[in-house]
Amino acid sequence: PPPPPATREVAVKRLPGRMGTIGRSERRAIAEETLEVLKTGTYRVQIHPGTRESLVDIADALRAAADATVLIDATEDLQNCDGHEAVALPAEGVAAIVEVTCETSLQAGKRLSGEGGNEGDVCILNFASAKNPGGGFQGGAQAQEESLARSSGLYTCLVAHMHDFYAVHRRNPGGGFYSDAMLYSPRVPFFRDDDGQFCEPWSASVITSPAPNAGVAGRACTR
Numbered sequence: 003p004p005p006p007p008a009t010r011e012v013a014v015k016r017l018p019g020r021m022g023t024i025g026r027s028e029r030r031a032i033a034e035e036t037l038e039v040l041k042t043g044t045y046r047v048q049i050h051p052g053t054r055e056s057l058v059d060i061a062d063a064l065r066a067a068a069d070a071t072v073l074i075d076a077t078e079d080l081q082n083c084d085g086h087e088a089v090a091l092p093a094e095g096v097a098a099i100v101e102v103t104c105e106t107s108l109q110a111g112k113r114l115s116g117e118g119g120n121e122g123d124v125c126i127l128n129f130a131s132a133k134n135p136g137g138g139f140q141g142g143a144q145a146q147e148e149s150l151a152r153s154s155g156l157y158t159c160l161v162a163h164m165h166d167f168y169a170v171h172r173r174n175p176g177g178g179f180y181s182d183a184m185l186y187s188p189r190v191p192f193f194r195d196d197d198g199q200f201c202e203p204w205s206a207s208v209i210t211s212p213a214p215n216a217g218v219a220g221r222a223c224t225r
């Protein structure tokens, strides 16, 4: 049998950020600014201290990610998803590496995308709202999905699936468990750090999967 996955704990310095301490109104303002970036496809950032801000154009990357976002239905055969054969499993004897780090999704994604030429090959699981694209990020809410939506082009990728993903879950919440349907968004451009500041763009694919509503599910299970 193949060896068990190799596990290692990686010590990563967690950078201080504003998102955990600032108020809802400031997070809402950052979200509004992000929506403007998604509309224009550009933003300005100071790449090197002491230099002028540079104009960064993510329009093409954003359009490509949104156009390639696909719904993986709960009943779909994952072995032949959307007509594409599943990637073959690694050969026996190839051990996986499981890292346990003290990082946010943004920190881990950015770090991994810059390691060993992994740009675009990193994938982030977005444990998401089943009913609203980006969760409550436009209202200044703060959780994992809201952080991702404020910091990237993910929202543009999700809103195109209001009818076949979000509306379905609104009509049938499944007792708070929703469904096993997912959205896959390849190479989404990211342009903010955890502190809400603009950064040089990097990309990661995102799997958006509905998070169960624990309160609703708990009440349903006790009936």
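Plus 2 on top of the position in the sequence shown (first one is 1) and you've got our numbering.
Note that CB positions come from ideal geometry on N, CA and C, so glycine has one too.
All figures in this text were calculated on a predicted structure; none of them were measured in a lab.
Of the residues the options, which one's Cα is nearest the Cα of residue i?
i           : options            : result
residue 67  : 216, 214, 209, 215 : 209
residue 162 : 48, 112, 64        : 64
residue 214 : 124, 150, 74, 133  : 133
residue 74  : 182, 173, 108, 124 : 182
residue 175 : 218, 128, 106      : 218
residue 179 : 211, 185, 135      : 211
residue 196 : 165, 173, 99, 105  : 105
Return the chain-ordered list of same chain residues with a C-beta closer than 6 Å to the C-beta of residue i, the five sequence neighbours on each side being excluded.
i           : result
residue 216 : none
residue 32  : 152, 198
residue 126 : 107, 111, 206, 208
residue 172 : 133
residue 79  : none
Quick check: residue i and residue j, are their CB atoms within less than 8 Å of each other?
i           : j           : result
residue 102 : residue 114 : no
residue 201 : residue 71  : no
residue 153 : residue 108 : yes
residue 137 : residue 130 : yes
residue 157 : residue 188 : no
residue 167 : residue 150 : no
residue 147 : residue 128 : yes
Report all residues from its chain with a CB closer than 8 Å to the CB of residue i; omit the five preceding and five following residues, and keep chain order.
i          : result
residue 60 : 39, 43, 44, 45, 155, 191, 193, 203
Keeping to the same chain, check which residues put their C-beta closer than 7 Å to that of residue i; ignore five residues upstream and five downstream.
i          : result
residue 49 : 56, 202
Say the cut is 7 Å; is the CB of residue i nearer than that to a heavy atom of the ligand SAH?
i          : result
residue 43 : This structure simply doesn't include the ligand SAH, nor any ligand for that matter.
- Query: Can you find at least 3 beta carbon pairs, one from the stretch 142-154 and one from the stretch 22-34, that sit closer than 8 Å?
  - Reply: Contact between the stretch 142-154 and the stretch 22-34 is present, because at least three Cβ pairs lie under 8 Å.
- Would you mind listing the beta strand (DSSP E) stretches within the stretch 183-212 that are 3+ residues and don't spill past its ends, in chain order? DSSP runs (the beta strand (DSSP E)) wholly in the stretch 183-212: 184-194, 200-212.
- Mind listing, in chain order, the continuous beta strand (DSSP E) runs of no fewer than 3 residues lying wholly within the stretch 114-180? Here the runs fully enclosed are 125-130.
- Message: Threshold first: 3 residues or longer. Then list the beta strand (DSSP E) segments lying entirely within the stretch 13-72, N to C.
- Response: Taking only runs of at least 3 residues, the beta strand (DSSP E) segments lying wholly in the stretch 13-72 are 44-47, 56-59.
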